Structure formats: C-alpha cells, structure tokens
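Heads up: the structure comes next, in structure tokens.
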Amino acid sequence: MASSTNTPAVSVSPLRRLAVTIGDFFVSVAEARSRSDQFEALNSKTDAQLAKMGIAREDIARHVFRDYLWR
1 MASSTNTPAV SVSPLRRLAV TIGDFFVSVA EARSRSDQFE ALNSKTDAQL
51 AKMGIAREDI ARHVFRDYLW R
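Numbering (the working numbering), first residue to last: 1 to 71.
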C-alpha cells in the first residue's frame, strides 16, 4: 500500500531572509578577524615557542583553520 504526506512549505518573509543574511555576514567577518588575529599571534612566535606548543611554522594555517578546512 502506498501512502503520501503533504507538508506545506514554510514561507519565510524576504525581510527575515535579509536579516539572517546580514547577521551571517557579520558572524563571518568576526570569525575571519579572530582567525587572522590567532594566525598573527602564532606567526610572531619563535620556532622554539611553536615547538613547545607542538606546532611547526608551516602548520600554523592548518592549526588555525583546523575546524574549518580540514574536516
């Protein structure tokens, strides 16, 4: 026996979509700034300081973006 379910599409107002888009933009800007600050802080450390943290200089970007790029 076949059955079907009709679920009405949820309509989101254009103003709501615009607000969400603008909010997402500012969150992205804040995250980028935070990652940039973290990258600069690590890049300013000596190789010995990075080694104590278990990070090689060439792995700074991978470390900073580990949850974003290397999933």
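We put the CB at the ideal spot given by N, CA and C, even for glycine.
All values reported here derive from a predicted model rather than from experimental measurement.
A48 to D67 span [Cα, whole Å]
25 angstroms
Express the C-alpha separation of F65 and A30 in angstroms, rounding to a whole number.
14 angstroms
Tell me the DSSP secondary structure of F25 in three-state form.
helix
What are the boundary residues of the alpha helix (DSSP H) that includes V12?
Taken as a continuous stretch (DSSP letters only), V12 belongs to no alpha helix (DSSP H), as it is neither H nor E.
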